[in-house]
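Working notes for the structure below.
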Amino acid sequence: MTAGVKYDDVEVGTEIPARTYPVDRANLVMYAGASGDFNPIHWRESFAKSVGLPDVIAHGMFTMAQGGRFVTDWVGDPGAVVDYGVRFSSPVVVPDEGGATLEISGTVEDKLDDNKVVVALTARCNGQKVLTRAKAVVRLA
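Per the UniProt record's numbering, the very first residue in the sequence shown carries number 1; after that it's consecutive.
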């Protein structure tokens, strides 16, 4: 598989349109099974509230994975992601009724040698940034 986005077709400042990703408790339980992280703050409301959280929260790595998904959906090839990192700035609170919606957008921040670009991501839930310093280095076609 090769990247579907061409290096010559993007410039610094190119915006990648926002996408939304619904998050519900079933997603968190499935992620817990896949990751082995069964911390009850991610699935048991009474426990989450007992430790001072407003409700159940998504796994940080689940949130980070949605950012990665955004990048790979844009570029068309998961193997094109050379580097990816984030800092967690706020939890994604996932109420039982209705869940949450994660909105992710991106901007080409820099063009590097070897057909690589740096994509800066913005991830928000309920208007609040949930990831900071979220960047991916992607090799384009």
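We treat Cβ as the ideally placed atom computed from N, Cα and C, and that holds for glycine.
Please read these numbers as outputs of a predicted model, since none were measured by experiment.
Item: Any contact between the stretch 114-128 and the stretch 93-106? By contact I mean 3 or more CB pairs, one from each, below 8 Å.; Value: yes
Item: Is the beta carbon of Leu-140 less than 8 Å from the beta carbon of Val-5?; Value: yes
Item: Check whether the stretch 53-60 and the stretch 90-98 are in contact - that is, three or more C-beta pairs closer than 8 Å.; Value: yes
Item: For Leu-28, does the three-state DSSP call read helix, strand or coil?; Value: helix
Item: Beta-carbon within less than 8 Å of Arg-25's beta-carbon, same chain only, minus the 5 sequence neighbours each way: which residues are those?; Value: Trp-43, Val-56, Val-94, Asp-96 and Gly-99
Item: Based on Cα-Cα distance, which residue from Pro-17, Val-137, Gly-76 and Ile-16 lies nearest to Gly-85?; Value: Val-137
Item: Here's a check: name, in chain order, each residue in its chain whose Cβ is nearer than 8 Å to the Cβ of Leu-121, leaving out the five neighbours to either side.; Value: Gly-67, Phe-70, Val-71, Val-86, Ile-104, Ser-105, Gly-106, Leu-131, Ala-134, Lys-135 and Ala-136
Item: Specify the secondary structure class of Pro-40 as computed by DSSP and reduced to three states.; Value: helix
Item: Looking only at its chain, what residues have a beta carbon closer than 6 Å to the beta carbon of Asp-83, apart from the 5 residues adjacent to it on each side?; Value: Val-137
Item: Who are the Cβ neighbours of Gly-13 in its own chain at under 7 Å, not counting the five residues just before and after it?; Value: Thr-107 and Val-108
Item: For Asp-37, collect the residues of the same chain with a Cβ closer than 7 Å to its Cβ; drop the 5 residues on either side in sequence, then sort them by chain order.; Value: His-59
Item: On a CA-only basis, which of Gly-33, Ala-34, Ser-35 and Leu-28 is nearest Ile-41? Give me that one, please.; Value: Leu-28
Item: Identify, in the order they occur along the chain, each residue of the same chain with its Cβ nearer than 8 Å to the Cβ of Asp-77, setting aside the five sequence neighbours on each side.; Value: Met-1, Thr-2, Ala-3 and Gly-4
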